[in-house]
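Student: So the sequence shown is residues 1 to 532, counted in the UniProt record's numbering.
Yeah, the Cβ is synthetic: ideal placement off N, Cα and C, and Gly gets one too.
I'd like to ask you about the structure that follows.
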Amino acid sequence: MGWCYCYKPTLLIIVFTFFISQSFAAKFSLPFIWPLPAKFSFGNETLSVDPTLPLIGNAADSPIVKAGFDRFKGIVFTNNGYTFGFVRTDKAVYDVNKLNVVVHNKTEELQLGVDESYNLFITKATGSGKVTIEANTVFGALRGLETFSQLCSFDYSTKTVQIYKAPWSIQDKPRFPFRGLMLDTSRHYLPVNVIKQIIESMSYAKLNVLHWHIVDEQSFPLEVPSYPNLWKGSYSKWERYTVEDAYEVVNFAKMRGINVMAEVDVPGHAKSWGIGYPDVWPSPSCKTPLDVSKGSTFDVLSGIMTDMRKIFPFELFHLGGDEVDTECWTNTSRVNKWLQSHNMTANDAYEYFVLKAQHMALSKNWTPVNWEETFNTFPTKLHPRTVVHNWLGSGVCPQVVAKGLRCIFSNQGVWYLDHVDVPWDVVYNADPIEGIHEASEQKLVLGGEVCMWAEVADTSDVQQTIWPRAAAAAERLWSPRQFTTGRNGNLTALPRLQYFRCLLNRRGVPAAPVTNFYARKPPTGPGSCYEQ
1 MGWCYCYKPT LLIIVFTFFI SQSFAAKFSL PFIWPLPAKF SFGNETLSVD PTLPLIGNAA
61 DSPIVKAGFD RFKGIVFTNN GYTFGFVRTD KAVYDVNKLN VVVHNKTEEL QLGVDESYNL
121 FITKATGSGK VTIEANTVFG ALRGLETFSQ LCSFDYSTKT VQIYKAPWSI QDKPRFPFRG
181 LMLDTSRHYL PVNVIKQIIE SMSYAKLNVL HWHIVDEQSF PLEVPSYPNL WKGSYSKWER
241 YTVEDAYEVV NFAKMRGINV MAEVDVPGHA KSWGIGYPDV WPSPSCKTPL DVSKGSTFDV
301 LSGIMTDMRK IFPFELFHLG GDEVDTECWT NTSRVNKWLQ SHNMTANDAY EYFVLKAQHM
361 ALSKNWTPVN WEETFNTFPT KLHPRTVVHN WLGSGVCPQV VAKGLRCIFS NQGVWYLDHV
421 DVPWDVVYNA DPIEGIHEAS EQKLVLGGEV CMWAEVADTS DVQQTIWPRA AAAAERLWSP
481 RQFTTGRNGN LTALPRLQYF RCLLNRRGVP AAPVTNFYAR KPPTGPGSCY EQ
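Structure (structure tokens):
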């Protein structure tokens, strides 16, 4: 079976030409909205949009919605001079001249599972055409604004913004409540403005959790007032985050409906702590994992959590717990004596450390998240509120939910973005609930996240490593499976993803070509953005 897709930048519908019936082609025509909405219908009209489009409705006085609307206008009306104040002064008549946003609950509390559903209606009425977004929360309204922005397209002939295939009726909601991107700022420091650019780009794909892997064994860039020497473990005095920087990241993300889940990975991956506080090392020659035998180690950990709790309001806090090599404990005589006196093996001490860290987090009203090694080693000992984070391979989330615990999917074979040889379709076809058949257990899968480990990525290439493959996971986490799976799922997704990659480029995001064998590589030759 052969096929092609026909595209002009102003078109928003895929047109397939199959060597079979036209009805089959029509059946698999999908709109260029990414991620795909849960339910939608459209017509055949083209509507023009007034560049002075006002925001009306009861959400117009919401700071979050108002800021989102201002971003919308800055994106959509860039080409016709709106952002520079050169709005047309003629008496042109536009089909759409109002944006009505109605929110039923204007609370601005952002937590896991916040209602992000929305309805979007685009109609034409003589002299009073309008777009209506209805949502239960301001964050649902933001998602509706993003969808509306993707329906707006600049027409270079008329120099107006137009909406194709109107009228539109969209009823949308996410498939999973946790749709994340992990960012590693320990292996390579990322300036705050770069982190904010990435957060902005996340909002375009309706991702809603930034997992901030702030510190690791290589560097400790975060300011901790209770233990001010910790950030001596940064690479340099210029590669640090102040408390105010961290607040800024959290608040910037919240304005876009994105939570920030911080991670402090213990007891392994913490060698950088000892540069400022050497007592947390088992010995000067054996620096990881953290010294389990000293109360002062846990004092430092508690101080870090206390200070971070003031910054990070999200209910989930990641405690790591992965890749813990306990030989340093058994090979350090003082620590080994402590193990013996407490009748512990090294594995017992690993469990002891993880559970004690969990207790600290719980006491600060955090829900602990741990990498899957903790579950693989002592599954029955983890606190019942624990969220297990899968990464080593497939089949872990089914085991986790069978035990009644919650799970986040990040299988390294499919959703580790630093694996640049993993193509977009492998990312796209992965599913967090694979192998889980009971509805009650499927609900325990919070969702998933793609992980941007930074050993070989920094400011120069991190965004093109993230995008567009992160968008493939974003649609899997948002959209219903029936639209995006099966033998035609990839066929319909590819041109839509290529369009979304070009949309990211137009918005200033340096997303790499979709079909490169190695992600983040530049194009192999001349050609259209929409065919790479």
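(1) Could you tell me which residues DSSP pairs with W371 in its beta bridges?
(2) Measuring straight from C-alpha to C-alpha, what distance separates V161 and V76?
(3) Going by beta carbon distance, what residues of the same chain come within less than 7 Å of S117, once the five residues before and after it are set aside?
(4) Counting Cβ pairs closer than 8 Å, one from the segment 371-382 and one from the segment 424-431, do we hit at least three?
(5) Per DSSP, which one or two residues make a beta bridge with A262?
(6) Given a cut-off of 9 Å on the beta-carbon distance, is the pair T288 and D322 in contact?
(7) Among all the DSSP beta bridges, which residues are the ones paired with D184?
(8) Ignoring anything shorter than 4 residues or poking outside the segment 259-325, list the alpha helix (DSSP H) runs there in chain order.
(9) In terms of DSSP beta bridges, what is C397 paired with?
(10) Taking DSSP as the reference, what is the three-state secondary structure of I122?
(11) Can you list the alpha helix (DSSP H) stretches of 4 or more residues lying completely in the segment 407-489, in chain order?
(12) Starting from I195, trace the alpha helix (DSSP H) both ways and give me its first and last residue.
(13) To which residues of the same chain is T147 closer than 8 Å at the C-beta, ignoring the five residues directly before and after it?
(14) So if DSSP puts A135 in a beta bridge, which residue, or which two residues, is it bridged to?
(15) Considering just the uninterrupted stretch of the alpha helix (DSSP H) at I33, what are its terminal residues?
(16) Report the CB separation of V514 from R506 in whole angstroms; it is logged as a contact under 8 Å.
(17) Can you give me the Cβ contacts of Q111 inside the same chain, cut-off strictly under 6 Å, excluding the 5 residues immediately before and after it?
(18) Expressed to the nearest angstrom, what Euclidean distance is found between the alpha-carbon atoms of P35 and W366?
(19) Please classify Y518 as buried or exposed, where buried requires at least 16 neighbouring CB atoms within 10 angstroms.
(20) Pick out whichever of I56, R175, T374, V194 has its Cα sitting closest to the Cα of V101.
(21) According to DSSP, E178 sits in a beta bridge with which residue or residues?
(22) Are the beta-carbon atoms belonging to G43 and W238 less than 9 Å from one another?
(23) Suppose contacts are defined by Cβ-Cβ distances below 9 Å. Is W415 in contact with P468 by that definition?
(24) Where V401 and T386 are concerned, what is the direct C-alpha to C-alpha distance, given to the nearest angstrom?
(25) So, with DSSP's three-state summary, where would you put residue 533?
(26) Do you know whose CA, among W212, V335, W273, lies nearest P228's CA?
(27) For K271, which option in P282, F176, E263, M261 has the closest C-alpha, if you only look at C-alpha atoms?
(28) In the DSSP assignment, the alpha helix (DSSP H) including A253 goes from what residue to what residue?
(29) When the Cα of D461 is compared with those of T306, R334, I195, K364, which residue comes out closest?
(30) Nearest to L181 by alpha carbon, out of F154, P221, N259?
(31) Once the 5 residues before and after F154 are set aside, which same chain residues still bring their CB inside 6 Å of it?
(32) Going by DSSP in three states, Y227 sits in which element: helix, strand or coil?
(33) Rounded C-beta distance between E263 and W212? I'm assuming under 8 Å.
(34) Is the distance from the Cβ of I64 to the Cβ of M360 below 9 Å?
(35) According to DSSP, simplified to helix, strand and coil, what is Y518?
(36) Classify F154 as helix, strand or coil using the three-state DSSP reduction.
Tutor: The answer reads as follows:
(1) Counting from one through the sequence shown, the residue named residue 371 turns up at place 371. DSSP lists H389 as partners of W371.
(2) Taking the sequence shown and counting its residues from 1, the one referred to as residue 161 is at position 161. Taking the sequence shown and counting its residues from 1, the one referred to as residue 76 is at position 76. Those two C-alpha atoms are separated by around 7 Å.
(3) As a working mapping, residue 117 is identified with position 117 in the sequence shown. Excluding sequence neighbours, S117 sits near A135, N136, G140, D172, K173.
(4) no
(5) What you label residue 262 is simply residue 262 of the sequence shown in a count that begins at 1. According to DSSP, A262 bridges with W212.
(6) As a working note, residue 288 is residue 288 in the sequence shown. As a working note, residue 322 is residue 322 in the sequence shown. No.
(7) Here the question's residue 184 lines up with position 184 in the sequence shown. In DSSP, D184 forms a bridge with H213.
(8) 273-276, 295-309
(9) As a first step, residue 397 is located in the sequence shown; it is residue number 397 there, counting from the start. Paired residues: none, contrary to the question.
(10) Indexing the sequence shown from 1 puts residue 122 at position 122. I122: strand per DSSP, three-state reduction.
(11) 412-415, 424-429, 439-442, 462-466, 469-478, 481-484
(12) Here residue 195 refers to the residue found at position 195 when the sequence shown is read from its first residue. Run containing I195: 192-204, per the alpha helix (DSSP H) assignment.
(13) As a first step, residue 147 is located in the sequence shown; it is residue number 147 there, counting from the start. Around T147: I33, P37, Y118, L120, I170, D172.
(14) The sequence position of residue 135 within the sequence shown is 135, counting from 1. DSSP, once it has assigned bridges, lists V103, Y118 as partnering A135.
(15) Taking the sequence shown and counting its residues from 1, the one referred to as residue 33 is at position 33. It is not in any alpha helix (DSSP H) - I33 carries neither H nor E in the DSSP assignment.
(16) If you number the sequence shown from 1, residue 514 lands on position 514. If you number the sequence shown from 1, residue 506 lands on position 506. Actually they do not touch by this definition, with Cβ atoms about 15 Å apart.
(17) Counting from one through the sequence shown, the residue named residue 111 turns up at place 111. These residues qualify, in order along the chain: E315.
(18) The sequence position of residue 35 within the sequence shown is 35, counting from 1. The sequence position of residue 366 within the sequence shown is 366, counting from 1. In a straight line, the C-alpha of P35 is about 30 Å away from that of W366.
(19) Taking the first residue of the sequence shown as 1, we reach residue 518 at position 518. Per the 10 Å Cβ criterion, exposed.
(20) Locating residue 101 in the sequence shown gives position 101, where the first residue counts as 1. Considering only alpha carbons, the answer is I56.
(21) In the sequence shown, the residue the question calls residue 178 occupies position 178. Per the sequence shown, the amino acid found at residue 178 is Phe instead of Glu. DSSP output for F178 lists G447 as bridge partner(s).
(22) Start at 1 with the first residue of the sequence shown, and residue 43 comes out as number 43. Start at 1 with the first residue of the sequence shown, and residue 238 comes out as number 238. No, Cβ-Cβ distance for G43 and W238 is not below 9 Å.
(23) The residue you call residue 415 lines up with position 415 of the sequence shown. The residue you call residue 468 lines up with position 468 of the sequence shown. No. Outside cutoff.
(24) Walking along the sequence shown from the start, residue 401 turns up at place 401. Walking along the sequence shown from the start, residue 386 turns up at place 386. Looking at the two C-alpha atoms, the distance is approximately 11 Å.
(25) The requested residue 533 does not occur in the structure, where the chain is confined to residues 1 to 532.
(26) Position 228 of the sequence shown, counting from 1, holds the residue named residue 228. Per the Cα distances, W273.
(27) As a first step, residue 271 is located in the sequence shown; it is residue number 271 there, counting from the start. Residue P282 is the option with its Cα nearest to K271.
(28) The count along the sequence shown starts at 1 and reaches residue 253 at position 253. Looking at the DSSP string, the run of the alpha helix (DSSP H) that includes A253 is 243-254.
(29) For this step, residue 461 is matched to residue 461 along the sequence shown. If we check each option's Cα against that of D461, I195 comes out closest.
(30) Counting from 1 along the sequence shown, the entry for residue 181 is found at position 181. Considering only alpha carbons, the answer is N259.
(31) Taking the first residue of the sequence shown as 1, we reach residue 154 at position 154. So the list reads N79, V161, once near-sequence residues are dropped.
(32) Counted from its first residue, the sequence shown places residue 227 at position 227. Coil.
(33) Locating residue 263 in the sequence shown gives position 263, counting from the first residue. Locating residue 212 in the sequence shown gives position 212, counting from the first residue. That pair is a contact at about 7 Å.
(34) Residue 64 sits at position 64 when you count from the first residue of the sequence shown. Residue 360 sits at position 360 when you count from the first residue of the sequence shown. It is not a contact, given that the beta carbons lie outside the stated cut-off.
(35) Here the question's residue 518 lines up with position 518 in the sequence shown. Three-state result, Y518: coil.
(36) On the sequence shown, residue 154 is found 154 positions in, with the first residue counted as 1. Looking at F154 - three-state DSSP - the assignment turns out to be strand.
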